[in-house]
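Report on the structure given below.
Protein chains: 2
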Amino acid sequence: MTDLNTLGEIGLIDRIRQTIPKPTHKETIQGIGDDAAVFDWGDDFGLFCTDMLVEGIHFDLTYVPLKHLGYKAVTFAVSDIAAMNGLPIQITVSIGLSSRFTVEAIDELYAGIRAACKAYNIDLVGGDTTSSRSGLIISVSALGKVPKEAITYRDKAQVNDILCVTGDLGAAYMGLQLLEREKQVFMADSGMQPNLSEERTYLVQRQLRPEARTDIVHELRDLGVVPTAMIDVSDGLASELLHLCRQSKLGAIIFDENIPIDDQTYLAADEFNISPITAALNGGEDYELLFTVRPQAFEKLATNSRITAIGYISSDSKYVGLSTKAGQLTPIKAQGWQGIFSLT
Amino acid sequence: MTDLNTLGEIGLIDRIRQTIPKPTHKETIQGIGDDAAVFDWGDDFGLFCTDMLVEGIHFDLTYVPLKHLGYKAVTFAVSDIAAMNGLPIQITVSIGLSSRFTVEAIDELYAGIRAACKAYNIDLVGGDTTSSRSGLIISVSALGKVPKEAITYRDKAQVNDILCVTGDLGAAYMGLQLLEREKQVFMADSGMQPNLSEERTYLVQRQLRPEARTDIVHELRDLGVVPTAMIDVSDGLASELLHLCRQSKLGAIIFDENIPIDDQTYLAADEFNISPITAALNGGEDYELLFTVRPQAFEKLATNSRITAIGYISSDSKYVGLSTKAGQLTPIKAQGWQGIFSLT
Chain A
4 MTDLNTLGEI
14 GLIDRIRQTI
24 PKPTHKETIQ
34 GIGDDAAVFD
44 WGDDFGLFCT
54 DMLVEGIHFD
64 LTYVPLKHLG
74 YKAVTFAVSD
84 IAAMNGLPIQ
94 ITVSIGLSSR
104 FTVEAIDELY
114 AGIRAACKAY
124 NIDLVGGDTT
134 SSRSGLIISV
144 SALGKVPKEA
154 ITYRDKAQVN
164 DILCVTGDLG
174 AAYMGLQLLE
184 REKQVFMADS
194 GMQPNLSEER
204 TYLVQRQLRP
214 EARTDIVHEL
224 RDLGVVPTAM
234 IDVSDGLASE
244 LLHLCRQSKL
254 GAIIFDENIP
264 IDDQTYLAAD
274 EFNISPITAA
284 LNGGEDYELL
294 FTVRPQAFEK
304 LATNSRITAI
314 GYISSDSKYV
324 GLSTKAGQLT
334 PIKAQGWQGI
344 FSLT
Chain B
4 MTDLNTLGEI
14 GLIDRIRQTI
24 PKPTHKETIQ
34 GIGDDAAVFD
44 WGDDFGLFCT
54 DMLVEGIHFD
64 LTYVPLKHLG
74 YKAVTFAVSD
84 IAAMNGLPIQ
94 ITVSIGLSSR
104 FTVEAIDELY
114 AGIRAACKAY
124 NIDLVGGDTT
134 SSRSGLIISV
144 SALGKVPKEA
154 ITYRDKAQVN
164 DILCVTGDLG
174 AAYMGLQLLE
184 REKQVFMADS
194 GMQPNLSEER
204 TYLVQRQLRP
214 EARTDIVHEL
224 RDLGVVPTAM
234 IDVSDGLASE
244 LLHLCRQSKL
254 GAIIFDENIP
264 IDDQTYLAAD
274 EFNISPITAA
284 LNGGEDYELL
294 FTVRPQAFEK
304 LATNSRITAI
314 GYISSDSKYV
324 GLSTKAGQLT
334 PIKAQGWQGI
344 FSLT
């Protein structure tokens with residue numbers, strides 16, 4: 004008998020993936036291996052994905068309001084659809100509940116789910132509600148759509164493509180550090196009130212209620228730009244960049260001074276003695292989009308304040324590097340998350 | 004604050020359903036309220052559904068082999084697709100695992116999932132694998148397809164339709180009783196070996212490894228028969244019949260002597276001092292199909308040994324009754340399962 008920990012999360016996923024047969028249906032365009040599965044939906048491609056969130060692993064209800072959690076669970080799935088350059092249409096939400104939850108708590112959770120469905124324009128079309136022996140489990144599956152000519156995979160980046168990222172990175176991670184610290188203070192002295200001043204609002208919001216970038220999907224369509232490759236930044240820039248490069252069989256160079264980082268992230272990183280670049284590279288949960296475009300297509304995006312060019316794709320498939328302002332070049336390694344390992 | 008138990012499972016589902024907005028996408032043909040959601044997939048309709056299984060609620064690993072569990076989890080979702088008269092194409096499987104599971108245990112679980120994908124001809128296209136603080140969680144979502152003219156809802160039964168059921172009922176419930184009894188014996192004396200003689204094989208198999216009736220979907224297509232209404236029998240015949248009648252706004256009479264019950268079910272029911280009719284009506288987990296057809300269409304099915312006519316649809320929407328051999332008529336009430344409440 005082999006302990007799961009000896010295999011490790013990557014080992015377990017690889018082991019499972021190797022045993023799964025290749026798709027056989029003509030409708031299946033893409034099975035496991037991208038942000039969402041792809042199926043042929045007449046004029047369009049359909050997108051299909053799922054995410055599971057488990058209490059104590061993915062969220063801590065001592066500081067996560069249930070309404071935000073409901074919103075965030077939907078965001079996870081929508082972000083996977085957006086990463087294929089698609090827009091969501093339907094979701095199902097299954098909930099496992101232990102008896103400690105009140106009716107009002109469930110109302111809060113669903114208020115967040117409904118708010119997300121409204122914000123992302125999704126029909127909530129089904130789900131399961133079941134008991135659970137301990138804690139809360141949320142499983143969201145999503146169905147989306149993308150015009151065939153706009154589908155964007157992870158593995159189609161080309162040499163000299165511009166690497167772009169939306170929004171800013173590392174804020175959700177710093178928000179988590181702040182919330183965890185307040186929790187420790189509160190547990191040491193329950194009379195203490197949380198000390199989350201206004202200059203921290205953005206960080207906490209990024210952690211508790213991230214937004215999937217469907218706005219960028221709309222914008223790319225309006226501009227007539229189709230990225231060559233795209234992935235959502237759920238596990239930190241480093242891990243996602245390595246996925247994109249490995250699957251495209253190419254390398255990349257990114258420039259640390261170009262990585263978009265919010266002022267609040269800089270301040271908090273300083274306070275916690277964390278490098279803001281490390282927070283951006285390995286922090287995770289930003290739910291931004293990392294994508295590549297041909298250099299000529301980038302011209303249409305260059306003035307967009309929500310999109311930042313951070314580097315380029317190179318032909319050296321063995322090297323994904325970070326170039327510092329001082330001119331140093333260091334290889335990028337993934338750290339990723341513990342306990343979260345996605346098959347897709 | 005209101006305890007979840009005061010609301011009850013039906014109350015909770017009703018509460019959640021009432022707050023969910025009506026679908027707004029033109030692609031969404033049917034949202035919550037049937038076995039699966041329906042979306043417009045060009046020439047066909049697409050079907051989308053999800054199921055969550057939680058250890059200690061839906062299964063007991065002291066007697067459920069992981070391979071069978073993997074198979075059964077897929078069967079649940081496929082049965083929902085079959086209940087819409089559709090066939091499955093893709094599934095995603097998310098797993099939450101606590102550290103007590105070994106690598107070999109996960110291999111077993113996936114062996115069952117793969118076997119089911121092969122049996123039902125499904126592409127496994129994605130999923131999540133995550134840690135869990137306690138026990139095993141399995142969430143399966145499925146995507147299926149049905150020709151538009153063959154889609155079968157719950158709410159389109161017509162007066163004088165023949166009520167049909169596939170296979171036989173109550174066996175899975177009696178299988179559960181046998182397994183639970185053996186568990187008690189084993190717990191009292193761990194030296195005892197399970198006493199599941201061969202004449203019990205069918206009951207145990209029906210509980211541990213039920214089959215979704217995609218064979219019937221194929222057969223109905225071959226015969227050119229489209230049921231007027233259909234539902235899968237997951238919570239017992241009584242509960243499903245009441246759903247079908249309530250949603251069709253009609254009544255029904257079924258005849259106890261017509262309900263298909265296997266000889267092994269009769270024997271075990273006698274031993275456990277349970278009425279076999281009660282096992283069929285309220286036992287659950289049979290994963291057969293309950294459907295209605297126009298009387299003239301039934302002629303094509305009358306000689307089919309896998310399909311049994313058990314009654315008819317009546318115009319009295321206030322009455323769903325069981326007619327006994329002795330000529331008594333009693334109203335049917337649902338008991339259903341504790342702890343499992345589906346939004347769909």
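So the protein lines, in turn, are chains A and B. Under my numbering, the first residue of the first sequence carries the number 4, and numbering increases by one thereafter. Under my numbering, the first residue of the second sequence carries the number 4, and numbering increases by one thereafter. Just so it is clear, CB atoms sit at the ideal spot from N, CA and C, and this is done for glycine as well.
Query                                                                                                              : Result
Any chain B beta carbon closer than 8 Å to A:Gly-99                                                                : yes
Cβ-Cβ distance between B:Leu-100 and A:Leu-226 below 8 Å                                                           : no
Local Cβ density within 10 Å of A:Asn-285, reported as buried at 16 or more and exposed below that                 : buried
Other residues of its chain near B:Ile-219: CB distance less than 8 Å, five sequence neighbours each side excluded : Ala-85, Thr-169, Leu-292, Arg-309 and Ile-310
Beta-carbon separation (whole angstroms), A:Ser-326 vs A:Phe-275, contact threshold 8 Å                            : Actually they are not in contact, since the Cβ atoms of A:Ser-326 and A:Phe-275 sit about 25 Å apart, beyond 8 Å.
Residue closest to A:Gln-180, alpha-carbon to alpha-carbon, out of A:Leu-50, A:Gly-36, A:Asp-63 and A:Ile-335      : A:Asp-63
Residues of the segment 134-166 of chain A with Cβ closer than 7 Å to any Cβ of chain B, in chain order            : Ser-134, Ser-135, Arg-136, Ser-137, Gly-138, Ile-140, Ser-142, Ser-144 and Leu-146
Alpha-carbon spacing of B:Ile-116 relative to A:Leu-56, whole angstroms                                            : 21 Å
A:Ile-19, buried or exposed, once every other Cβ within 10 Å from all chains shown has been counted against 16     : buried
Neighbourhood of B:Ala-300 by C-beta, 6 Å cutoff - its chain only, sequence neighbours within 5 removed            : Val-228
Interface flag, B:Pro-24 vs chain A, CB-CB below 8 Å                                                               : yes
Three-pair Cβ contact test at 8 Å for the segment 151-159 of chain A versus the segment 230-239 of chain A         : yes
Neighbouring residues, chain A, relative to B:Gln-93 (Cβ below 9 Å)                                                : Pro-26, His-28, Glu-30, Thr-31, Gly-34, Ala-40, Phe-42 and Phe-51
Identified DSSP bridge partners for A:Met-233                                                                      : A:Phe-294
Beta-carbon proximity check, B:Thr-132 vs A:Ile-16, cutoff 8 Å                                                     : yes
Burial state of B:His-221, where buried means 16 or more other Cβ atoms lie within 10 Å                            : exposed
Element boundaries [alpha helix (DSSP H), containing B:Thr-22]                                                     : 7-22
Closer than 7 Å at the beta carbon, the chain B residues around A:Phe-62                                           : Ordered by position in chain B, no residue passes the 7 Å Cβ test against A:Phe-62, which lies about 12 Å from the chain.
Residue environment, A:Arg-216, which counts as buried when at least 16 other CB atoms sit within 10 Å             : buried
Beta carbon proximity, A:Ser-251 to chain B, threshold 8 Å                                                         : no
DSSP-derived helix/strand/coil call for B:Lys-148                                                                  : strand
Coil, strand or helix - A:Ile-335 by DSSP                                                                          : coil
C-alpha gap between B:Lys-328 and B:Leu-206, whole angstroms                                                       : 26 Å
Inter-residue CB distance, A:Gly-254 and A:Cys-248 (contact presumed, cutoff 8 Å)                                  : 6 Å
Cutoff 6 Å; reference A:Ala-145; Cβ partners in own chain excluding five residues on either side                   : Cys-52, Ala-80, Ile-84, Pro-91 and Ile-94
A:Thr-217 at chain B interface by Cβ criterion, 8 Å                                                                : no
C-beta neighbour in chain A for B:Ser-242, strict 8 Å                                                              : no
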